[in-house]
Amino acid sequence: MAANMARRTSQCIFRSSRKMFSFPMRPRNTDQLRMSSINTEAFGAQDIVDQPKKRKQVRRMQSVICKKNRHDPAMERAAREGSLLVPLEAVQKEWKSKNEFSTTTKLARHYGIFKHIFNGEEFTATTRMSVTFGETDHVIHGNFLTPSQATIQPTVSYTCEDDSLWTVIFTNPDGNLIERDTEFLHWMVGNIPGSRINDGDVLCDYLPPVPAHGTGFHRFVFSLLKQTGKLDLRSHVCIDGRDISCRTFSTAKFISDHKNNLTPAGLCFFQATWDESVTQTYMEKLGMTEPVFKPKEFLTPEQIRKIVIREVSEKKYRN
Numbered sequence: 549m550a551a552n553m554a555r556r557t558s559q560c561i562f563r564s565s566r567k568m569f570s571f572p573m574r575p576r577n578t579d580q581l582r583m584s585s586i587n588t589e590a591f592g593a594q595d596i597v598d599q600p601k602k603r604k605q606v607r608r609m610q611s612v613i614c615k616k617n618r619h620d621p622a623m624e625r626a627a628r629e630g631s632l633l634v635p636l637e638a639v640q641k642e643w644k645s646k647n648e649f650s651t652t653t654k655l656a657r658h659y660g661i662f663k664h665i666f667n668g669e670e671f672t673a674t675t676r677m678s679v680t681f682g683e684t685d686h687v688i689h690g691n692f693l694t695p696s697q698a699t700i701q702p703t704v705s706y707t708c709e710d711d712s713l714w715t716v717i718f719t720n721p722d723g724n725l726i727e728r729d730t731e732f733l734h735w736m737v738g739n740i741p742g743s744r745i746n747d748g749d750v751l752c753d754y755l756p757p758v759p760a761h762g763t764g765f766h767r768f769v770f771s772l773l774k775q776t777g778k779l780d781l782r783s784h785v786c787i788d789g790r791d792i793s794c795r796t797f798s799t800a801k802f803i804s805d806h807k808n809n810l811t812p813a814g815l816c817f818f819q820a821t822w823d824e825s826v827t828q829t830y831m832e833k834l835g836m837t838e839p840v841f842k843p844k845e846f847l848t849p850e851q852i853r854k855i856v857i858r859e860v861s862e863k864k865y866r867n
C-alpha cells in the first residue's frame, strides 16, 4: 500500500470520458503551490482565481475545472485528439505581469551578476527594460548571442515618466584585461530624459563585445539606474574610446559615489564568446591586435607517464 501511495499521480486539467491524461508529480508542500499564477481563463475557469491553501482545495479546484471542461464538447474533443492549443501570448503576458522581475533576480543571482557587478548587493527590478540588437536579436535573461550580432549599438527601451532622468550602463565583468575585479565598460549614457537615450550625455561610446579568444563565455550586463536629478558626470567621461585602460569601470563604485542620487531600477544581460568579428573590432575600434589565450593541453595519465619516461630516459643516456 505504501508503494502505491508513493506512486500517486496528479491528474491533468483536461480529461475526457475515454482517456485520462496524468503525469507523475513530486510531493511538495501545498502552501508552495501558486495556483494564482495559472491562466485559469484560458482553461475555461474564469471564476476560480483564489490561491488554494490546502490539498483538498487544490483537488476541489481541479475537479471543478475538469467537470467544466468535460461539458465543453469542442474542448474535450480537442484535448482527446491532441489539438488543443495553449494561448502562449496570454501566458507570457501574465508571466511578465507577475513573475518577470523575480525571475530576473533569481537568474542574476545564479549567474553572479549581483556579486561581481553590484558588490553583492541584491535588488529587484522595478522597471521593465527591453534591449534589442537590430530587429530580431533580443537580450532575454542571460541568453546566448554572438559578438557579430551585437556590432551595432542596441535599441534600449523602458517605460517611465517624461520628466525623469536615467543612466544606462553596459559592462562586461569578465573581460577586463588590465585590472582584476573590475568591469570593462562598453557603453554608458547618463542624464537621459525619460526614455530618449539619444538625448542623454554619452559618457562612453559604444564598443561591440570583444571576448578574448580562448576565454570562454563572458557576461554582458545592461544596468538601468534612476536618477533623482541631473548629475555632473564629467569625471566619468571616457575621452579616448580606443584606450582600453579608459574603459576600466566599476558599477558598484559608480553607484556608491552617487548613492544619494542613483537607484538600480532595471537589469538584463546576455552571454557571448569569441567569433571572427572580435578580431575586426580590435583592429578597427581599438587599433590593436587581439589577445589570444590558449588553454593548457589536457593530458591523460597514460600520456603523462610516457612523457616522464621519455624525459628520464633522455636524461639518463645523455649523461
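Residue 549 is where the sequence shown starts when you use the working numbering, and the numbers rise one by one after that.
Heads up, the beta-carbon is just placed ideally off N, CA and C, and yes, glycines get one too.
Asked: Based on the DSSP output, what are the partners of Val716 in its beta bridges?; Found: Val737 and Leu772
Asked: What are the partner residues of Pro812, as DSSP defines its beta bridges?; Found: Leu773
Asked: Just to confirm before moving on: does the CB-CB distance between Gln697 and Phe718 stay below 9 Å?; Found: no
Asked: Determine which residues share a DSSP beta bridge with Tyr706 and list them.; Found: Met677
Asked: Per DSSP, His686 is paired with what?; Found: Thr680
Asked: With 16 as the cutoff for other CB atoms within 10 Å, does Met736 come out buried or exposed?; Found: buried
Asked: Residues in the same chain with beta-carbon distance under 6 Å from Pro757, minus the five sequence neighbours each way, listed in chain order, please.; Found: Pro695, Ala698, Phe768 and Ala820
Asked: Gly789 and Lys833: beta carbons closer than 9 Å?; Found: yes
Asked: Measure the beta-carbon distance from Ser793 to Ile726 and round it to whole angstroms, keeping in mind my assumption that it falls under 8 Å.; Found: 6 Å
Asked: Ignore the nearest five residues each way along the sequence and tell me which others in Ala813's own chain have a CB closer than 7 Å to its CB.; Found: Ala673, Thr674, Thr675, Leu772, Leu773 and Lys774
Asked: Three or more C-beta pairs closer than 8 Å, one from the region 800-819 and one from the region 656-671: is that the case here?; Found: yes
Asked: Need the endpoints of the beta strand (DSSP E) that Asp753 sits in, please.; Found: Element bounds for Asp753: n/a, residue is neither H nor E.
Asked: Phe765 and Phe817 look like a contact to me (Cβ under 8 Å); what is the Cβ gap, rounded to whole Å?; Found: 12 Å between Cβ atoms; not a contact.
Asked: How big is the Cα-Cα spacing for Cys708 and Gly835?; Found: 39 Å
Asked: What does a CB cutoff of less than 8 Å around His686 pick up in its chain, not counting 5 residues either side in sequence?; Found: Ser678, Val679 and Thr680
Asked: Which first and last residues belong to the alpha helix (DSSP H) in which Ala698 is found?; Found: Neither: Ala698 is in no alpha helix (DSSP H) and is coded neither H nor E.
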